[in-house]
Amino acid sequence: MNKSLLAVTEPPIESQTQHLMPITQRPDVVFTKGKGHYLFDASGTAYLDMMQGWAVNTLGHSPNLLKHALLNQAEQLINPGPAFYNKPMIELSNTLCSASVFDHVFFANSGAEANEGAIKLARKWGQLNKQGAFEIITFDNSFHGRTLATMSATGKTSFAPLFEPKISGFEKVPFNDPQALNNAISSNTTAIMLELVQGEAGVIPAEYDFVKQLETLCKQHNLLLIVDEVQTGVGRTGKLFAYQHYGISPDILTLGKGLGGGVPISALLAKQAVSCFAPGDQGGTFNGNPLMCASALAVLEALETENILSNVNEMSELLQTEFFELSQKYGLGQIRGQGLLLAIDTGAYDAHQIAATAFRKQLLINAPRSNCIRLMPALNIGPEEIYKTISVLDDCLSELS
Ligand SMILES: *Cc1c(COP(=O)(O)O)cnc(C)c1O
Numbered sequence: 002m003n004k005s006l007l008a009v010t011e012p013p014i015e016s017q018t019q020h021l022m023p024i025t026q027r028p029d030v031v032f033t034k035g036k037g038h039y040l041f042d043a044s045g046t047a048y049l050d051m052m053q054g055w056a057v058n059t060l061g062h063s064p065n066l067l068k069h070a071l072l073n074q075a076e077q078l079i080n081p082g083p084a085f086y087n088k089p090m091i092e093l094s095n096t097l098c099s100a101s102v103f104d105h106v107f108f109a110n111s112g113a114e115a116n117e118g119a120i121k122l123a124r125k126w127g128q129l130n131k132q133g134a135f136e137i138i139t140f141d142n143s144f145h146g147r148t149l150a151t152m153s154a155t156g157k158t159s160f161a162p163l164f165e166p167k168i169s170g171f172e173k174v175p176f177n178d179p180q181a182l183n184n185a186i187s188s189n190t191t192a193i194m195l196e197l198v199q200g201e202a203g204v205i206p207a208e209y210d211f212v213k214q215l216e217t218l219c220k221q222h223n224l225l226l227i228v229d230e231v232q233t234g235v236g237r238t239g240k241l242f243a244y245q246h247y248g249i250s251p252d253i254l255t256l257g258k259g260l261g262g263g264v265p266i267s268a269l270l271a272k273q274a275v276s277c278f279a280p281g282d283q284g285g286t287f288n289g290n291p292l293m294c295a296s297a298l299a300v301l302e303a304l305e306t307e308n309i310l311s312n313v314n315e316m317s318e319l320l321q322t323e324f325f326e327l328s329q330k331y332g333l334g335q336i337r338g339q340g341l342l343l344a345i346d347t348g349a350y351d352a353h354q355i356a357a358t359a360f361r362k363q364l365l366i367n368a369p370r371s372n373c374i375r376l377m378p379a380l381n382i383g384p385e386e387i388y389k390t391i392s393v394l395d396d397c398l399s400e401l402s
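Quick note, the sequence shown lines up with residues 2 to 402 if you use the working numbering.
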């Protein structure tokens, strides 16, 4: 009843949205509320959200903890400016460094901006330590962001013709291919940058041996190892950082997405030995603002106090078991990923069609490629939401069969 009322009072969606640049195709729904694992549209219809703002809402929609952190901080101090210290900035830098192998942090606002900082840091380090070496090796199908430099670093073929000329100095090599990597290293190389699980490529994990060889190559050739953990960081893979699964010790790491639990904050972390920015080299108006830093602190604290990492691992197993049964039933393909960054190949089914069908059944899932479905739910998800997801997917597949 609500819905039909709305239909007569609200102007059509196209006329409401005509002033927004059409940078992506959005469904004809306006979301007005979020709570936990659910999003609600203006008519009150609930959608089970297995995307959570693109792996961003670490604790689900509007968790009390985050609301309180934002409210408390907003009452104290929103923005003293980037040229002054503030308490949450200091505390967050200490928390991140004591939980990792890094010594210094630069806060930014988006994953791309953190990666842009990593690229600048690697170039400066090359200038100081490697006779001006500036090239960074990145990987086919990788994704590092949408600024001009991070698009240039990205290995998505669809980016290749866009916004030419790109920023030069990125060598792309096939992923998980140590020989190709070895061949690409030259005296111009300053760093290797990779995602430990390529998220946008369809959830492709870096192989253990490959990562070990990559680290060895970095040591042999005196190259920086940069891990882009914008998607995999902050508990997403079942450890606080994905590099911890590999037993490696990167020089530089970037975080974004899940760090703020829904609000825009990212981070560039570096070991002391490579942290060579001098005053004036790097900055940004909103960087390290207390409001966002307080949110990230609340998220990191919750990961510990609410035992989130063990939940990620348990729910990951459950989801994989359930995926496996679906795969058997419908002749789907491989299940990939780690923790709560999981994908399943959809075999003969069109993944975009599955996602669109799921949307009509109020389930939000993502198809990063036409042959795979990706799930990136909140890290505090429970069995109930997983069974519901699988049951809706089952309905979708039987409908499309
Ligand atoms: C999303 C993503 C980025 C870009 O982050 P933005 O916040 O969209 O700029 C960079 N790297 C990886 C691995 C990502 O998943």
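The C-beta atom is built at its ideal place from N, Cα and C for all residues, glycine as well.
Segment limits, beta strand (DSSP E) that includes residue i
i	result
Gln339	336-339
Ile355	Counting along the chain, Ile355 falls outside any beta strand (DSSP E), though it belongs to the alpha helix (DSSP H) covering 352-361.
Val106	105-109
Asn1	Residue 1 is absent from the model: the chain starts at 2 and stops at 402.
Ala47	47-50
Leu195	190-195
Ile374	373-376
Glu15	Glu15 -> not in any beta strand (DSSP E); alpha helix (DSSP H) instead, spanning 14-17.
Leu241	First-last for Leu241: undefined, no H or E at that position.
Gly35	32-36
Thr151	Note, Thr151: premise wrong, no beta strand (DSSP E); alpha helix (DSSP H) at 149-154.
Val228	225-229
Asp42	39-42
Lys157	That residue, Lys157, is in no beta strand (DSSP E); it is neither H nor E in DSSP.
Sequence-distant residues of its chain with Cβ nearer than 8 Å to residue i (five each side left out)
i	result
Ile345	Phe324, Leu327, Ser328, Leu333, Gly334, Gln335, Ile336, Arg337, Cys373, Ile374
Ala56	Gly200, Gln232, Arg237, Lys258, Gly259, Leu342, Met377
Ala243	Leu197, Val198, Val228, Glu230, Thr233, Gly234, Arg237, Gln339
Ala356	Ile366, Asn367, Ala368, Ile374
Lys167	Leu149, Met152, Ser153
Start and end residues, alpha helix (DSSP H) containing residue i
i	result
Val264	First-last for Val264: undefined, no H or E at that position.
Gly118	112-130
Lys88	88-99
Ala70	65-77
Leu310	309-331
Lys220	209-222
Leu182	179-185
Val393	384-401
Cys294	291-306
Ala344	Here Ala344 belongs to no alpha helix (DSSP H); instead the beta strand (DSSP E) covers 342-346.
Gln53	53-56
Residues near residue i in its chain [Cβ-Cβ closer than 6 Å; skip 5 each side]
i	result
Tyr48	Leu40, Gln363, Leu365
Ser94	Val106
Gly127	Ala134, Phe135, Thr191
Glu307	none
Arg147	Ala113
Ser250	Val102
Ala294	According to the sequence displayed, residue 294 carries Cys and not Ala. Same-chain partners within the cutoff: Pro89, Met90, Leu93.
Ser402	none
Option nearest residue i by Cα separation, candidates the options
i	options	result
Gly133	Gly285, Glu165, Met293, Leu224	Leu224
Asp42	Pro369, Gly383, Arg361	Arg361
Met52	Ser44, His62, Thr46	His62
Ser111	Leu218, Leu256, Ile14	Leu256
His38	Gln180, Gln245, Gln214, Pro64	Pro64
Leu298	Phe85, Glu15, Pro89, Thr18	Pro89
Phe140	Val174, Lys34, Ala75	Val174
Ala202	Leu97, Lys68, Asn142	Asn142
Ile266	Pro13, Thr286, Lys220, Gln26	Thr286
Leu72	Ser296, Val300, Thr358	Ser296
Leu218	Gly248, Pro179, Pro206	Pro179
Asn183	Ile138, Glu15, Lys68, Phe171	Ile138
Ala115	Val31, Ala75, Leu270, His69	Leu270
Gln354	Cys397, Thr390, Ile387	Cys397
Ala359	Gln17, Pro28, Leu21	Pro28
Own chain, CB closer than 7 Å to residue i, minus 5 neighbours either side, in chain order
i	result
Pro384	Leu319
Ile309	Gly236, Ala303, Leu380, Asn381
Leu129	Cys277
Lys36	His62, Ser63
Asp395	Leu327
Met2	Interpretation of Met2 is limited by its pLDDT of 48, a score under 50 that renders its predicted location unreliable; no figure is taken from the coordinates.
Gln214	Pro179
Gly281	none
Asp351	Ser371
Notebook entry, point to check: Is the segment 176-192 close to the segment 122-133, with three or more CB pairs under 8 Å?
Noted result: Of all C-beta pairs linking the segment 176-192 to the segment 122-133, three or more are shorter than 8 Å, placing the two stretches in contact.
Next item on the list: Output the residues surrounding ligand 1, defined as those with a CB atom closer than 7 Å to any ligand heavy atom, in chain order.
Entry: Residue selection by CB proximity (closer than 7 Å to any heavy atom of ligand 1) returns Trp55, Ser111, Gly112, Ala113, Glu114, Asn116, Phe144, His145, Gly146, Arg147, Thr151, Glu196, Gly200, Glu201, Asp229, Val231, Gln232, Gly257, Lys258, Ser267 in chain order.
Check: Does the segment 153-173 come close enough to the segment 306-320 to have 3 or more Cβ pairs within less than 8 Å?
Finding: They do not touch, by the three-pair rule.
Next item on the list: Say whether the segment 78-89 touches the segment 290-301, bearing in mind that this needs 3 or more beta-carbon pairs closer than 8 Å, one atom from each stretch.
Entry: Taking 8 Å as the limit for Cβ pairs, the verdict is that the segment 290-301 does touch the segment 78-89.
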